[in-house]
Amino acid sequence: MTAASRIPFEKLKDAPDGTVPVLALETRPRHFSLRNSDDEKTDGRGIEWVASKFQTVMKLRSAHQEFHIASSALDAGQFLPNDALALISLWGALEALFSPSTSELKFRVSALIASYLHDPGQERAEAQKRIAALYDKRSAAAHGKPRHVPDDLVASFNLLRSCLMKMINEGRVPTKDELQNRLFGAA
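Sequential numbering from 17 applies to the sequence shown in my numbering.
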């Protein structure tokens with residue numbers, strides 16, 4: 017739990033009972049544990065990276081409604097007690113970022129995400145299949161017939177996080193035309 021106090025935390029144990037207000041900042045329980053995707057390494061720079069990218073994130077959130085929706089879904093998703101609703105929320109965010117239209121949504125969204133995250137080749141083709149399979153779980157959840165397991169929710173969370181991390185590192189949200197060009201190798 018995240019909390020704040022008017023005195024340093026290391027001195028709380030010495031304060032008389034009931035004299036030090038501690039304010040809980042995170043009051044909703046998390047409903048699934050977060051973990052890095054298999055291909056993502058942590059380098060121990062967590063807080064430094066956040067501090068260095070804070071202004072970029074704020075700029076992207078204010079300039080791009082789809083990025084704002086996606087970052088909000090990423091932030092709130094782990095606190096939703098119904099994992100079907102969390103899955104729908106995460107995929108709604110991915111659709112906001114990667115859907116140029118509603119025609120052939122599953123293929124279009126999965127192909128655009130795969131082409132955004134991976135260079136042309138076998139890895140991209142395999143990623144598109146995995147993403148399309150996750151999209152099927154989203155569709156089943158959206159239509160009241162959930163067929164997903166907890167790992168599908170975490171995989172969807174990690175997919176959205178990977179997309180947002182790339183946008184943050186690049187300092188921009190790709191346009192729909194840029195995504196289309198990347199998909200067809202015209203970039």
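Where is the CB? At the ideal position from N, CA and C, for every residue including glycine.
The beta carbons of Leu76 and Leu128 sit no closer together than 8 Å.
In the pairwise beta carbon analysis, the stretch 22–34 is classified as not touching the stretch 69–85: fewer than three pairs are separated by under 8 Å. Selection Ala141, Ala100, Asp193 evaluated against Pro162 yields Ala100 as nearest (Cα-Cα).
A straight-line Cα-Cα distance of about 23 Å links Ile147 and Phe95. Shown here, Leu39 sits in a strand according to DSSP, grouped into three states.
Between Leu113 and Ala92, the alpha-carbon positions lie close to 17 Å from each other. In the structure shown, Ser88 falls within a helical segment according to DSSP collapsed to helix, strand and coil. Boundaries of the alpha helix (DSSP H) around Ala158: 138–158. If you compare the alpha carbons of Leu110, Gln144, Glu64 with that of Glu82, the shortest gap goes to Leu110. The stretch 135–147 makes no contact with the stretch 180–193: fewer than 3 CB pairs, one atom from each, lie closer than 8 Å. For Ser21, the enclosing beta strand (DSSP E) has its first and last residue at 19–21.
The residue from Gln144, Asn98, Gly108 with its alpha-carbon nearest to that of His164 is Asn98. Around the beta carbon of Ser172, 16 or more other beta carbons sit within 10 angstroms, so the residue counts as buried.
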